Amino acid sequence: MRNIWTIAKREYKIYFSSPLAYIVMLIILSVVGAIFALNIINLTSNPFGMGQAPDVSIVTGPMAFMLVFSAPALTMRLLADEQRMGTLELMLTAPVRDWELVVGKWFGSFLFVLTTIGISLIFPFALNSMVTPGIDQQLMLSSYLGIILVAAAFLAIGVSISAMFSNQFSAFFLTMGLLVILWFLIGIPAQIFFTGGEIFDYLNMNSRFYNSLNQGIINLSDIVYFLSITALGLFIGSAAIETRRWR
Amino acid sequence: MIRVSGLTKDYGARRAVNDITFEAEQGEILGFLGPNGAGKTTTMRILAGYMPPTEGEASVAGYDVVTESIEVRRRVGYLPETVPLYTDMTVFDYLKFMADLRHLPNGEDRVDETLELVGMEDRAEGYIGNLSKGMRQRVGLAQALLHRPEVLILDEPTIGLDPSQVVDVRKIIREIGKERTVLLSTHILSEAQQICDRVLIINKGHIVAEDTPANLQASLIGSERGMLRVRGEADDLIEAINKVKGITHVQPKEEGVLEFQFAPGQDVRAEVARTTMQAGYDLLEMRPIGMSLEDIFLQLTREENADMEL
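What follows is the structure, encoded as structure tokens:
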């Protein structure tokens, strides 16, 4: 645990000394903020007075979409760069287990995204002060739980792919490709195949977030799904590092 | 401290290390001497817990490098050949990070002490990316020394350093080698002679010789060599020197320079000098010629090939 924390802390600090991480954070928050502002303007300019008040999902929904493209940028460097620079040799000869290294790297990026998610809380708080009788607390809880779970899974997938490459751009594009498939494309075959389509439905990350957590429905199976993807990503990442030793 | 038996490592179809066996005791500085690609780095990486061997066994401080890798890594300080470092960190932050990974109590004090040991205390706040090759080498060495390891594995620790830095680093290594086990690789024979208690010569994955540097040189050469320089032509001097007791062979090199061989253990220098003066020559220079690593290699590989033909 201590090693994981030491590694995560270093990664977290490094994000704040790289322009890329700031840009990623800025883009996420400004896109989410713009959509939020448009919703509010739309509502207040409604000539028929008060309509249906927007809820927290107008914040977390776009944020999940943004993570599909920004998570790969945050994870691409993590292990690929260590291999390119040769510093992986230092990590693999330090008294640190391979999985501690991988989990530490993932946790560092997770903390960075948690910080971004934390800053985005200003939008629900602003919304809360604008609508009566305040925002739906359960929806707030479940959609933020959802976005945190989505982030954990995306970043774990990114870390596992970063562990397989020594070129961070290969890691970036492969991670983004995989996330686009898991988020946007995997639901399509479920509608085409009459039999066997359930498997694609099961794997569809998008519907497990938008049709469930982001609508205030807390389902154990969705939580287990996202945690499983996270665990699987970290396991594959550790295995990828382990196999490097045998080459 | 280090026990290696039948160690073999294949990279795909290429055999980098082939069935090597050796031991190193506490308080011993063992030199690994060999040309590039001889298998030095591979052996050191296996001992540092970086990768497992294909065959054979190795243990460091009593722990197996494969099954008890973490225990081995706790007790080893390792300086890789390429000295990989996080260039985006300051020297202090980097060493503190490594100290934390090793769970050292009072990590900050330990970092300060180690920086002082390698003479880098004034560069603690500088970024590693801005350091020269020599400075980085010292940071790498500091990283290997942080936890005062029982076994120190240094891959080409003086490569790329300027002469005064080389002297400093050798001094540090000798100091550490008094109490701990040091395994270091080099391809410079004089370096091995200066620092190591014992030398292993490795070529194409095999250990081809193992002894103290002095014995190794004596046994390999069979005779010692020296050169002398006089003013003007020296051709007439050859015969006179050939008559000196102990001299086995004299050979002209360039104008005014002769190379002579003599049986080991016999000091012929005074007699050679006297003979030169008596023959009416001005003696400008006389010195022993050490055998270079290249010579030793050529000789060893020749012997090996001869064995194979038999």
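Line by line, the protein sequences give chains A and B.
Per our numbering, the very first residue in the first sequence carries number 1499; after that it's consecutive.
Per our numbering, the very first residue in the second sequence carries number 5; after that it's consecutive.
Positions of the beta carbon are idealized from the N, C-alpha and C atoms, including for glycine.
Keep in mind the model is a prediction, meaning the values are calculated, not measured.
If you look at arginine 1595 of chain A, you'll find it isn't in any alpha helix (DSSP H); DSSP assigns it neither H nor E. For the options B/Ala17, B/Met5 and B/Ala42, the alpha carbon positioned closest to that of aspartate 159 of chain B is the one of B/Ala42. The beta carbon of isoleucine 180 of chain B sits no closer than 8 Å to any beta carbon of chain A.
Counting only the Cα atoms, threonine 47 of chain B lies some 14 Å from tryptophan 1744 of chain A. With a contact defined as Cβ atoms closer than 8 Å, alanine 1592 of chain A and leucine 105 of chain B qualify at about 5 Å. For the stretch 64-84 of chain B, residues whose beta-carbon sits nearer than 7 Å to a beta-carbon of chain A comprise Ile74, Arg77, Arg78, Tyr82 and Pro84. By the C-beta criterion, the stretch 1566-1574 of chain A is judged to be in contact with the stretch 1663-1675 of chain A, since at least 3 inter-stretch pairs fall below 8 Å. Taking a beta-carbon distance threshold of 8 Å, proline 1593 of chain A counts as an interface residue toward chain B. DSSP places proline 292 of chain B within a strand segment (E or B) once states are collapsed to three.
Counting only Cβ-Cβ distances below 8 Å, tryptophan 1744 of chain A has contacts in chain B at Met55 and Pro56, in chain order. With its beta carbon less than 8 Å from one in chain B, asparagine 1501 of chain A belongs to the interface. Under the Cβ criterion of 8 Å, glutamate 1509 of chain A is not counted among the residues facing chain B. Here glycine 1735 of chain A is buried, its C-beta having at least 16 other C-beta atoms within 10 Å. A residue is called buried once 16 or more other Cβ atoms fall within 10 Å of its Cβ, and glutamate 85 of chain B is buried on that count. Counted as a single uninterrupted DSSP element, the alpha helix (DSSP H) harbouring isoleucine 1538 of chain A occupies residues 1517-1542. Cβ contact annotation for isoleucine 1615 of chain A (same chain, cutoff 8 Å, sequence separation greater than five): Met1561, Tyr1642, Ile1645, Ile1646 and Ala1649, in chain order.
For asparagine 207 of chain B, DSSP records a beta bridge to B/His210.
Residues of chain A whose Cβ lies closer than 8 Å to the Cβ of leucine 105 of chain B are, in chain order, Asn1501, Thr1504, Ile1505, Ala1592, Pro1593 and Val1594. Residue environment: methionine 1499 of chain A is assigned as exposed (fewer than 16 neighbouring CB atoms within 10 Å of its CB, all protein chains considered).
Around the Cβ of alanine 277 of chain B, a 10 Å sphere holds fewer than 16 other Cβ atoms; the residue is exposed.
The criterion of a C-beta distance shorter than 8 Å is satisfied by glycine 60 of chain B and serine 9 of chain B. Taking 8 Å as the CB threshold, threonine 1585 of chain A lines the interface with chain B.
Around aspartate 92 of chain B, the beta-carbon contacts reaching into chain A at under 7 Å are Ile1512 and Ser1515. Just so you know, the alpha carbons of phenylalanine 1691 of chain A and aspartate 1699 of chain A end up roughly 11 Å apart. Taking the C-beta atoms as reference points, valine 1657 of chain A is found no nearer than 8 Å to isoleucine 1502 of chain A. Residue pairing of glutamine 255 of chain B in beta bridges, as defined by DSSP: B/Glu263. The beta carbon of leucine 1536 of chain A does not come within 8 Å of any beta carbon belonging to chain B, so the residue lies off that interface. For the pair leucine 188 of chain B and phenylalanine 36 of chain B, the CB atoms are nearer than the 8 Å cut-off.
Taking 8 Å as the threshold, the shortest C-beta distance from leucine 1588 of chain A to chain B falls below it.
Flagged as an interface residue toward chain A: alanine 52 of chain B, by a C-beta distance shorter than 8 Å. Alanine 20 of chain B sits in a strand when the DSSP states are folded into three classes. Three or more beta-carbon pairs separated by less than 8 Å are not found between the stretch 61-70 of chain B and the stretch 96-103 of chain B, which leaves the two stretches without contact. Within the stretch 10-65 of chain B, the complete beta strand (DSSP E) runs of at least 3 residues fall at 18-28, 33-37 and 59-64.
Around proline 88 of chain B, the beta-carbon contacts reaching into chain A at under 9 Å are Glu1580, Met1583, Gly1584, Thr1585, Leu1586, Glu1587 and Leu1588.
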